[in-house]
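*Asks:* Protein sequence lines correspond, in order, to chains A and B.
Just so you know, we're using the working numbering here: the first sequence kicks off at 136 and counts up by one.
Just so you know, we're using the working numbering here: the second sequence kicks off at -4 and counts up by one.
Don't be surprised by glycine CBs; every beta carbon is placed ideally from N, CA and C.
None of the values given here were measured: they were computed from a predicted structure.
Here it is, the structure, as structure tokens.
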Amino acid sequence: MKPALVIAAHGSHLNAESSTPTFSHADTIRATGAFSEVRESFWKEEPAFREGLRTVDAEEVYLVPLFVSEGYFTEQVIPREFRLEGWDPDLWESDGTSASDASLTAGDTGQTVHYCGPVGTHDSMSDVIVQRAKSVTGDPDVGEGFGLAVVGHGTERNENSAKAIEYHADRIREMDRFDEVQALFMDEDPEVDDVTDFFESEDIVVVPLFIADGYHTQEDIPEDMGLCEDYREGYDVPTEVDGHDIWYAGAVGTEPLMADVVLERAADAGADVSGAIDQVRDRTRGADPATGD
Amino acid sequence: MDDTRVEAFADAAADGVDFDGIEAQVEGDSYTLSTADGTTAEGSVAALADVDPAVERYVTNWYFWHATAPQAEPRWAFLRWLEGADEHAVPERYDRLDGGVTTTWGELAVTVELDADGDRVYDLRHEADRGVDADDLDRYDDPVAARELAKHDERDRYRPLKTAPTLQTGWVFPELDPAALVETVHAFYPATVQNWYRERQGDLDVTHWHETTQRQTGIYGVVKTWDRGEGYEHVNWVAEACCDDSQCLKRREWEYDGETDLDVDGGDGEFPCREPCSVVITAARQWTKIESEQPRTYEFELTPSEKEQVEEIVDAVADGRVDDIREADIYDGANRYRARFLRAKLFDDEGNFDGVPTED
């Protein structure tokens, strides 16, 4: 029997669209037939993390967290709730952005679980951020004359949260595609509120490294950047702020190419999905974002 | 009977078949068989396709359960349960299935019927839509569509709890195959089939309140402080608030701990709830914070009717009755005009009840 894929995501009690990208990416991967089953499992929705594995028949499971950074969820909550026996963060030997995979046994079901690092820190996430910039500008060659801001939540409590953002900003800077690349944050310096202070370029693409659109990406960040006074009024893409055109992209996790990152995570852990990766890249480059209705 | 079914049955019978009332053997080119209702037959395997129609039912039934239905045990058992396979022998079961057998699962109604080949076709809809012509309902065929239907209630409000008794009506999946039926049920009520099956097998793993709260960390770690081994009255309140049939269709199987049952009934749902869910834990976090406050004494002046009105308002909100109160039903204490009058009369500009400030 082929192995199964389980995608672990946060979900929400309050926001109906929080889980939409998870389902969309799962559907994309399901359509490739690379896994016997593809299941979604949530911290705040059902099926719960605690019961995610028992809905899966396969003896071997690739478990991919649809989270932005390593930290509390990937190191404590998911291993505990999925009952991964013998889990220790040291198994990942990670510096905060380099977690790949660790194979463990699930106490709930006895399945072999290849527990993968989060999607947000995978190298191919840099490509998704660039793809998001292409999607929002409608320009497949976007780069020259543009600045790119990769935006994270940032938190004093977990240094890995900022590491993931800086990691991708550095990688994209090295691509030499955009005139300027900056890592900005909501809750720590440098702050996204002052986005135009950090760029010479007239055009700035702003891509939040968030999994789903919700309160932060739809309300806080647009208002903080001055795209609108009140998020309910909406804003144009681009909107002119302080003489710059801000191309605000919304959550990168809604980009259809994210399904590729999930597959890359499973591939790094040993899943035989090379054909599926090609299919997904073909299908999702330039596809509409998974923002739900 | 088509060749596929005959060949598959003959292949299996080479090792002996004994399933749902049919016993069969194939040796070389010959078969022998007998059924629970006393029919026997023998002959060449080539002639097996022309067996008595009474026997044919057993053969197509064998084929369905071994070649068509999902072979994963929980799903298989669920599909068997839906058609009463353990209670009704094949001839009687087929007679019933010809007319359609309907079972409810939460708010879902599943009707199973036979198709021309002896396979099963499932109709899935809201139980409130039983008896409605399928043409009068919105038709869906893909299990994925159930995700969207389950997401919002009749008034388009988000349903964070999939097993809340607020499933919208007006839709039908009229022709699902067995695998798609179980997938669709999963989309409406995730993991319920698996937990129901475990319970039937006697190995449902229940995690009680105490154990669940003790494993919480992060912002939920605070609920541990509400659990100091000083009785469980607070957990009764939680269960009464959240785990009543009026709020969730799962049957609560978790208690305070392995030795201490709660005093509140767990409900009548078909599928079990094996531990406090994320909605309960999130609510418990809030109650933990609120319950850590020390009581104070406030003095209010209320007429007897005003006191009763406050009680009626709490009741109406708690029972979700607010939207059912008629616009001009001034006799109901929770009527909006009555509530607005109370506010106009008794609240000061800061929103203090009876002008009494809230003190920490």
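Apply the 10 Å Cβ neighbour rule to A/L149 and answer buried if 16 or more other Cβ atoms are within range, or exposed otherwise.
*Replies:* exposed
*Asks:* Compute the Euclidean distance between the alpha carbons of B/G350 and B/W282, then round it to the nearest angstrom.
*Replies:* 26 Å
*Asks:* Which of helix, strand or coil does DSSP assign to B/I181?
*Replies:* Position check: residue 181 of chain B holds His in this sequence, whereas Ile was assumed. DSSP places B/H181 in helix when its eight states are reduced to three.
*Asks:* My understanding is that A/R308 touches A/E390, with C-beta atoms under 8 Å, so please give their C-beta distance in whole angstroms.
*Replies:* About 20 Å separates the two Cβ atoms, so there is no contact after all.
*Asks:* Check the Cβ-Cβ distances between B/G253 and every residue of chain A, and say whether any is below 8 Å.
*Replies:* no
*Asks:* Could you list which residues in chain B have their beta carbon closer than 9 Å to that of A/F158, in chain order?
*Replies:* V139 and R142
*Asks:* Going by DSSP, which residues form a beta bridge with B/W100?
*Replies:* B/L103
*Asks:* Report the three-state DSSP secondary structure of A/A144 (helix, strand or coil).
*Replies:* strand
*Asks:* CA-CA distance, A/G427 and A/P325?
*Replies:* The predicted position of A/G427 is uncertain, since its pLDDT is 44 and thus under 50; a value taken from the coordinates is nonetheless stated next. If you take the alpha carbons of A/G427 and A/P325, they lie about 31 Å apart.
*Asks:* In chain order, what residues of the same chain lie with their CB nearer than 6 Å to the CB of A/T167, ignoring the 5 residues before and after it?
*Replies:* A411 and Q414
*Asks:* Taking 8 Å as the cut-off, does the stretch 225 to 241 of chain B touch the stretch 88 to 103 of chain B (at least 3 CB pairs, one atom from each stretch)?
*Replies:* no
*Asks:* Looking at the C-beta of B/H121, does it have a partner C-beta in chain A at a distance below 8 Å?
*Replies:* It does not: the Cβ of B/H121 has no partner Cβ on chain A nearer than 8 Å.
*Asks:* Enumerated in chain order, which unbroken segments of the beta strand (DSSP E) with a length of 3 residues or greater are wholly contained in the stretch 325 to 400 of chain A?
*Replies:* 338 to 343, 374 to 376 and 379 to 383, all fully within the stretch 325 to 400 of chain A.
*Asks:* Using a 10 Å radius around the Cβ and a threshold of 16 neighbouring Cβ atoms, would you call B/E87 buried or exposed?
*Replies:* exposed
*Asks:* Return helix, strand or coil for A/Q317, following the three-state DSSP convention.
*Replies:* strand
*Asks:* Kindly list the residues whose CB is nearer than 7 Å to the CB of B/H83, restricted to its own chain and excluding five residues on each side of it in sequence; keep chain order.
*Replies:* R91
*Asks:* Verify the CB distance criterion: does A/Q211 have a CB-CB separation below 8 Å to chain B?
*Replies:* yes
*Asks:* Can you give me the C-alpha to C-alpha distance between B/A323 and B/R333, rounded to a whole angstrom?
*Replies:* 10 Å
*Asks:* Classify B/A111: buried if its beta carbon has 16 or more other beta carbons within 10 angstroms, exposed otherwise.
*Replies:* exposed
*Asks:* Spell out whether any CB of chain B is found under 8 Å from the CB atom of A/P214.
*Replies:* no
*Asks:* Please check if any C-beta of chain B sits within less than 8 Å of the C-beta of A/A406.
*Replies:* Not closer than 8 Å to any Cβ of chain B, the Cβ of A/A406 fails to qualify, so no.
*Asks:* What does A/L188 pair with, by DSSP beta-bridge criteria?
*Replies:* DSSP output for A/L188 lists no bridge partner at all.
*Asks:* Scan the stretch 58 to 83 of chain B for residues whose Cβ lies nearer than 7 Å to a Cβ of chain A and list them as they occur along the chain.
*Replies:* Cβ contacts with chain A: A67.
*Asks:* Against B/Q189, what residues of chain A qualify as contacts under a CB-to-CB distance less than 8 Å, listed in chain order?
*Replies:* E186, R189 and T190
*Asks:* Among the residues of its own chain, which have a CB less than 7 Å from the CB of A/L84, if the five just before and after it don't count?
*Replies:* Any answer about residue 84 of chain A is impossible in this case: the structure gives chain A only from 136 up to 428.
*Asks:* Let me confirm a value: A/G252 is counted as buried when at least 16 other C-beta atoms fall within 10 Å, else exposed. Which label applies?
*Replies:* Taking all protein chains in view, the Cβ of A/G252 is crowded by 16 or more other Cβ atoms within 10 Å, so the residue is classified as buried.
*Asks:* Counting Cβ pairs closer than 8 Å, one from the stretch 166 to 179 of chain B and one from the stretch 126 to 139 of chain B, do we hit at least three?
*Replies:* yes
*Asks:* Going along the chain, which residues of its own chain have a beta-carbon closer than 6 Å to the beta-carbon of A/R418, five neighbours each way excluded?
*Replies:* none
*Asks:* Please report the straight-line C-alpha distance between B/A7 and A/T157, rounded to a whole angstrom.
*Replies:* 42 Å
*Asks:* Any heavy atom of the ligand ADP closer than 7 Å to the Cβ of B/A279?
*Replies:* The ligand content of the structure shown is nil, which means the ligand ADP is not present either.
*Asks:* Taking beta-carbon pairs under 8 Å, can you tell me which members of the stretch 277 to 292 of chain B lie near chain A?
*Replies:* T277
*Asks:* Going by Cα to Cα distance, which pick from B/K245, B/V259, B/D81 and B/E51 is closest to B/G101?
*Replies:* Nearest C-alpha to B/G101: B/K245.
*Asks:* Could you tell me whether the Cβ of A/P391 comes closer than 8 Å to any Cβ of chain B?
*Replies:* no
*Asks:* Could you check whether A/V397 and A/V191 sit closer than 8 Å to each other, using their CB atoms as the reference points?
*Replies:* no
*Asks:* Determine the burial state of B/N56: buried for a count of at least 16 other Cβ atoms within 10 Å of its Cβ, exposed for fewer.
*Replies:* Burial check for B/N56: the Cβ neighbour count within 10 Å reaches 16 or more, so the residue is buried.
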